[in-house]
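Participant: Encoded as structure tokens, here's the structure I'll be asking about.
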Amino acid sequence: GAVVSQHPSWVICKSGTSVKIECRSLDFQATTMFWYRQFPKQSLMLMATSNEGSKATYEQGVEKDKFLINHASLTLSTLTVTSAHPEDSSFYICSARDWASQETQYFGPGTRLLVL
Amino acid sequence: SQQGEEDPQALSIQEGENATMNCSYKTSINNLQWYRQNSGRGLVHLILIRSNEREKHSGRLRVTLDTSKKSSSLLITASRAADTASYFCATDGGDMRFGAGTRLTVKP
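Note that the protein sequences, when read in sequence, are chains A and B.
For the first sequence, the working numbering begins at 696 and goes up steadily by one.
For the second sequence, the working numbering begins at 33 and goes up steadily by one.
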């Protein structure tokens with residue numbers, strides 16, 4: 696089946712630094728990618744939707760200047776957490792929708808971010 | 033925002049028993065999917081049911097969908113200790129939105 700990878704799988708950083716997370720669709724083209732955040736013992740919350748070559752659409756309450764999303768190609772989207780703070784510590788999961796099969800959305804393995 | 037509610041929030045059963053989890057949602061959907069997540073790990077896709085389907089089976093899993101009531105249920109039969117995980121429903125209406133999840137514990 697289709698695979699979505701994320702890098703890094705985990706990251707620890709100091710408060711105030713920026714962290715970039717990459718999401719790649721490995722064997723299919725993804726016109727649309729999604730970013731989710733999951734806090735401990737909670738569900739996945741959609742943060743933003745990005746279409747290749749255009750600006751991301753952010754969910755209500757998600758700061759677009761803090762969570763920068765770039766979807767520069769059909770196989771790569773990046774999420775940059777700028778000036779990270781401890782409350783940004785979370786599990787970030789990306790997902791990609793297969794252009795050929797719009798019904799199917801594949802999820803990456805997630806990136807665990809810990810901000811000290 | 034989340035799509036809807038799942039109940040129960042937590043469920044504890046003995047091995048061999050059946051587990052039923054329910055999911056309600058708010059908007060129109062193309063399909064509804066169920067996922068499993070072990071603690072601290074990624075999602076595992078279990079089953080997809082389309083909006084024009086009412087019931088679907090996959091191994092020990094049985095999923096129902098009632099679009100008039102905007103609800104779905106996941107039944108796991110003959111549960112095993114390895115089924116212990118969190119289970120989420122997710123509705124697909126162009127993007128996927130998740131329910132709150134049910135934490136299932138199966139005691140050996």
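Built from N, CA and C at the ideal position, the CB exists for glycine as well.
Please read these numbers as outputs of a predicted model, since none were measured by experiment.
With DSSP as the reference, please indicate the residues paired to A/Tyr-753 in a beta bridge.
Facilitator: According to DSSP, which records beta bridges pairwise, A/Tyr-753 is partnered with A/Ala-743.
Participant: With which residues is A/Thr-806 paired in a DSSP beta bridge?
Facilitator: For A/Thr-806, which the question treats as bridged, DSSP gives the partners A/Tyr-787.
Participant: When burial is assigned at 16 or more other CB atoms within 10 Å of the CB, is A/Asp-722 buried or exposed?
Facilitator: Label assigned to A/Asp-722: exposed.
Participant: Three or more C-beta pairs under 8 Å: does that hold for the region 706-718 of chain A against the region 771-789 of chain A?
Facilitator: Judged by Cβ distances under 8 Å, the region 706-718 of chain A makes contact with the region 771-789 of chain A, as three or more pairs qualify.
Participant: Report all residues from its chain with a CB closer than 6 Å to the CB of B/Thr-96; omit the five preceding and five following residues, and keep chain order.
Facilitator: So the qualifying residues of the chain are Glu-87 and Ser-105.
Participant: Given a threshold of 16 other Cβ atoms within 10 Å of its Cβ, counted over all protein chains shown, does B/Asp-124 qualify as buried or as exposed?
Facilitator: Buried.
Participant: Could you tell me whether the Cβ atoms of A/Leu-771 and A/Cys-718 are closer together than 9 Å?
Facilitator: Yes, the Cβ-Cβ distance between A/Leu-771 and A/Cys-718 is below 9 Å.
Participant: Under the rule that 16 or more other beta-carbon atoms within 10 Å means buried, what is B/Glu-38, buried or exposed?
Facilitator: That one is buried.
Participant: Determine whether the Cβ of B/Arg-92 lies closer than 9 Å to any Cβ atom of chain A.
Facilitator: No, B/Arg-92 lies away from the interface with chain A (no Cβ there is under 9 Å from its Cβ).
Participant: Consider the Cβ of A/Phe-762: report whether some Cβ of chain B lies at a distance smaller than 9 Å.
Facilitator: It does not: the Cβ of A/Phe-762 has no partner Cβ on chain B nearer than 9 Å.
Participant: Please state the DSSP three-state secondary structure of A/Ala-767.
Facilitator: A/Ala-767 falls in the strand class under three-state DSSP.
Participant: Relative to chain A, which residues along the region 66-78 of chain B have a C-beta separation below 7 Å, given in chain order?
Facilitator: Result list: Gly-74 and Leu-75.
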